[in-house]
């Protein structure tokens, strides 16, 4: 899902005034635009910021992806919660 969103944003940004710099999905380095993408989705620890998609792509059409971005953020949060229930942290000995 993350890769699909990256592709969509890159395509939308092609019609904006700035070039979007997003690395490969397997790359450990976090580029500045990727940090903005995490902010838009809400994976930076804060609430999702749909207007961040517009700023990121420099194209108002990106606002239409805010529902998708919010869904991704919710899915990741749900998966994290489920993982915590399935694999509870053990106290250090």
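In my numbering, the protein residues as written are 11 to 103. Positions of the beta carbon are idealized from the N, C-alpha and C atoms, including for glycine.
Simplified DSSP assignment, three categories, for residue i
i	result
residue 25	coil
residue 58	coil
residue 37	coil
residue 53	coil
residue 32	coil
residue 68	coil
Rounded Cβ spacing between residue i and residue j (contact assumed at less than 8 Å)
i	j	result
residue 66	residue 73	With 8 Å as the limit, residue 66 and residue 73 do not qualify as a contact, their Cβ atoms being about 11 Å apart.
residue 50	residue 62	4 Å
CA nearest to the CA of residue i, picked from the options
i	options	result
residue 26	92, 88, 77 and 68	68
residue 78	40, 41, 43 and 52	52
residue 57	21, 87 and 16	87
Whether residue i touches residue j by CB criterion (8 Å)
i	j	result
residue 31	residue 18	no
residue 16	residue 23	no
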